[in-house]
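Protein sequence lines correspond, in order, to chains A and B.
Residue 12 is where the first sequence starts when you use the working numbering, and the numbers rise one by one after that.
Residue 12 is where the second sequence starts when you use the working numbering, and the numbers rise one by one after that.
Ideal Cβ positions, reconstructed from N, Cα and C, are used throughout, including at glycine.
If you're wondering where the values come from, they're calculated on a predicted model, not measured in any experiment.
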Amino acid sequence: AQSVTQLGSHVSVSEGALVLLRCNYSSSVPPYLFWYVQYPNQGLQLLLKYTTGATLVKGINGFEAEFKKSETSFHLTKPSAHMSDAAEYFCAVSDRNSGYALNFGKGTSLLVTP
Amino acid sequence: GAVVSQHPSRVICKSGTSVKIECRSLDFQATTMFWYRQFPKQSLMLMATSNEGSKATYEQGVEKDKFLINHASLTLSTLTVTSAHPEDSSFYICSARDFSRVGNEQFFGPGTRLTVL
Numbered sequence: 012a013q014s015v016t017q018l019g020s021h022v023s024v025s026e027g028a029l030v031l032l033r034c035n036y037s038s039s040v041p042p043y044l045f046w047y048v049q050y051p052n053q054g055l056q057l058l059l060k061y062t063t064g065a066t067l068v069k070g071i072n073g074f075e076a077e078f079k080k081s082e083t084s085f086h087l088t089k090p091s092a093h094m095s096d097a098a099e100y101f102c103a104v105s106d107r108n109s110g111y112a113l114n115f116g117k118g119t120s121l122l123v124t125p
Numbered sequence: 012g013a014v015v016s017q018h019p020s021r022v023i024c025k026s027g028t029s030v031k032i033e034c035r036s037l038d039f040q041a042t043t044m045f046w047y048r049q050f051p052k053q054s055l056m057l058m059a060t061s062n063e064g065s066k067a068t069y070e071q072g073v074e075k076d077k078f079l080i081n082h083a084s085l086t087l088s089t090l091t092v093t094s095a096h097p098e099d100s101s102f103y104i105c106s107a108r109d110f111s112r113v114g115n116e117q118f119f120g121p122g123t124r125l126t127v128l
């Protein structure tokens with residue numbers, strides 16, 4: 012069975028500082044990995060995804076993530092935080108065994124301080 | 012492209028009534044749609060997988076007679092919460108899978124906030 016662990020339910024960074032949100036996964040078959048962002052009372056917006064190929068994935072709004080198979084990780088980073096980045100972030104995994112349904116981590120709430 | 016809509020966005024109902032939520036893929040065909048439930052400050056939990064023209068597959072612990080899912084066309088899936096009770100109050104989010112895209116990417120609707128009084 013697949014699962015996702017997001018370390019840190021709350022992360023606080025200063026505006027302009029590096030953002031690092033951690034995600035580790037488990038999957039018995041090659042996974043598809045995703046990062047989504049959710050603003051209050053809204054649906055999910057895809058930031059980036061890894062399917063196959065290049066392990067460093069660039070997404071929207073300056074975010075990127077690197078798939079590290081040896082570490083079973085898919086951490087999300089952004090060099091310089093903006094106030095508008097404050098939101099809830101979810102890491103998710105899917106694979107063919109799950110019918111490609113998404114299995115979400117518990118989420119990380121990002122707070123950006125001035 | 013790849014837009015998914017949900018209707019209604021917000022609904023308040025009395026205990027014991029039934030509520031229908033629609034999920035539509037506006038510009039692509041979705042043979043598979045997923046229904047998720049999200050409690051406040053929590054993650055999304057998969058409720059069921061809806062396949063066009065066949066019965067939905069429910070996750071363990073989800074009552075299929077309570078949450079009726081119909082996926083009658085390639086662009087529409089509905090979730091009906093029958094005899095709703097206050098504990099059914101939640102944020103319900105659907106997603107539609109676009110098979111034409113690499114990685115079978117899912118696109119999410121904006122969600123429906125259900126409040127049962």
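With a threshold of 8 Å between beta carbons, is residue i in contact with chain A?
{"i": "residue 117 of chain B", "result": "yes"}
{"i": "residue 122 of chain B", "result": "yes"}
{"i": "residue 54 of chain B", "result": "yes"}
{"i": "residue 80 of chain B", "result": "no"}
If you draw a straight line from the alpha carbon of residue i to that of residue j, how long is it in whole angstroms?
{"i": "residue 56 of chain B", "j": "residue 27 of chain A", "result": "33 Å"}
{"i": "residue 84 of chain A", "j": "residue 94 of chain B", "result": "42 Å"}
{"i": "residue 117 of chain B", "j": "residue 67 of chain B", "result": "17 Å"}
{"i": "residue 43 of chain A", "j": "residue 89 of chain A", "result": "21 Å"}
{"i": "residue 106 of chain B", "j": "residue 121 of chain B", "result": "9 Å"}
{"i": "residue 114 of chain A", "j": "residue 39 of chain A", "result": "14 Å"}
Would a check of beta-carbon distances place residue i closer than 8 Å to chain B?
{"i": "residue 50 of chain A", "result": "no"}
{"i": "residue 112 of chain A", "result": "yes"}
{"i": "residue 80 of chain A", "result": "no"}
{"i": "residue 101 of chain A", "result": "yes"}
{"i": "residue 70 of chain A", "result": "no"}
{"i": "residue 116 of chain A", "result": "yes"}
Q.
If we require 3 or more residues per run, which beta strand (DSSP E) segments fall completely within the segment 29-109 of chain B?
A. Counting only unbroken stretches of 3 or more residues, the beta strand (DSSP E) elements lying wholly within the segment 29-109 of chain B are 30-36, 43-49, 55-62, 78-84, 87-92 and 101-108, in sequence order.
Q.
Taking beta-carbon pairs under 9 Å, can you tell me which members of the segment 53-65 of chain A lie near chain B?
A. Cβ contacts with chain B come from 53, 54, 55, 56, 57, 60, 61, 62 and 63.
Q | Interface residues of the segment 56-68 of chain B facing chain A [CB-CB below 7 Å] | A | So the close ones are 57 and 60.
(Q) I'd like the ranges of any beta strand (DSSP E) spanning at least 3 consecutive residues and lying wholly in the segment 42-76 of chain A. (A) For the segment 42-76 of chain A, whole beta strand (DSSP E) runs of length 3 or above, ordered along the chain, are 43-49, 55-61 and 67-69.
(Q) I'd like to know if the segment 21-36 of chain B and the segment 111-127 of chain B are in contact, where contact means that at least 3 CB-CB pairs between them fall below 8 Å. (A) These segments touch.
Q: Give a yes or no on contact between the segment 98-115 of chain A and the segment 12-23 of chain B, applying the rule of three or more CB pairs nearer than 8 Å.
A: No, because fewer than three Cβ pairs between the segment 98-115 of chain A and the segment 12-23 of chain B fall closer than 8 Å, the two stretches do not touch.
Q: Please name the residues in the segment 88-109 of chain B whose beta-carbon is closer than 7 Å to at least one beta-carbon of chain A, in chain order.
A: Identification of residues in the segment 88-109 of chain B having a C-beta nearer than 7 Å to some C-beta of chain A yields 104 and 108, given in sequence order.
Q) Using a beta-carbon distance cut-off of less than 9 Å, what residues from the segment 26-45 of chain B approach chain A? A) The residues in question are 43 and 45.
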